[in-house]
Each structure stands twice: as structure tokens, then as C-alpha cells.
Amino acid sequence: MTIRGKLLLLAAGVTALMVVMVGVVTYNSYQMLNRQVNTAGAEMIQDRALQVDLYFDRLSAVAQAAQRMSQMAEKLKTLIGRFKHDSSTLSLKG
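Numbering (our numbering), first residue to last: 775 to 868.
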């Protein structure tokens with residue numbers, strides 16, 4: 775084998791080795807980035823789900839408070855009606 779052939783074989787071997795190394799690094803980098811993106815995405819989804827749960831909990835509390843206030847208003851209307859009725863009957867007798 776001539777020197778030229780040996781140099782070409784050496785260059786081809788080094789080039790092939792570099793291509794394999796670049797391929798391995800690319801594959802590992804892709805896998806690592808994919809895991810990081812999936813982990814970050816899962817954390818974001820959990821955080822957003824917690825925020826939505828808290829929002830609906832607060833919304834439920836507001837609805838319950840509004841319901842209690844509505845019930846209290848109905849009771850007050852009844853009491854005021856009784857008071858007006860009682861005061862009008864008292865003034866007629868007096």
C-alpha cells in the first residue's frame with residue numbers, strides 16, 4: 775500500500791470516527807433535551823392545574839357566600855314585612 779493510500783485510509787477512518795462521535799453526541803443531546811422539556815412541561819402543567827383548582831375553589835367560595843347572602847336577604851325581607859305588619863297593627867290599635 776502506498777503512502778497516499780495509507781493517508782486516505784487514515785483520513786477516512788478519522789472522518790468516520792468523527793461522524794460516529796458527532797452522531798452519538800447529537801443523539802445524547804437530543805435525549806437529554808427531550809427529558810428536560812418533558813420534565814419542565816410536566817411541572818408547568820401541574821402548576822397550572824393547581825392554579826385552576828385554586829381559582830375554582832375561590833369561585834365556589836364566592837358562590838356559596840352569595841347564596842348565604844341571598845338567603846339572609848330573604849330572611850330580612852320576611853322580618854321587615856312582619857315588622858311593618860306588626861307596627862301597622864299596633865298603630866291602629868293605639
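Cβ atoms here follow ideal geometry from the backbone N, Cα and C, with glycine treated the same way.
- Task: Express the C-alpha separation of A816 and Y801 in angstroms, rounding to a whole number.
- Result: 22 Å
Apart from the five residues just before and just after A839, which ones in its own chain have a Cβ nearer than 7 Å to its Cβ?
Only residues of its own chain outside the window of five on either side were considered, and among them none has a CB closer than 7 Å to the CB of A839.
Problem set entry | Assigned secondary structure, T852 (DSSP; H/G/I helix, E/B strand, else coil) | helix
Reducing DSSP to helix, strand and coil, say where M795 ends up. Looking at M795 - three-state DSSP - the assignment turns out to be helix.
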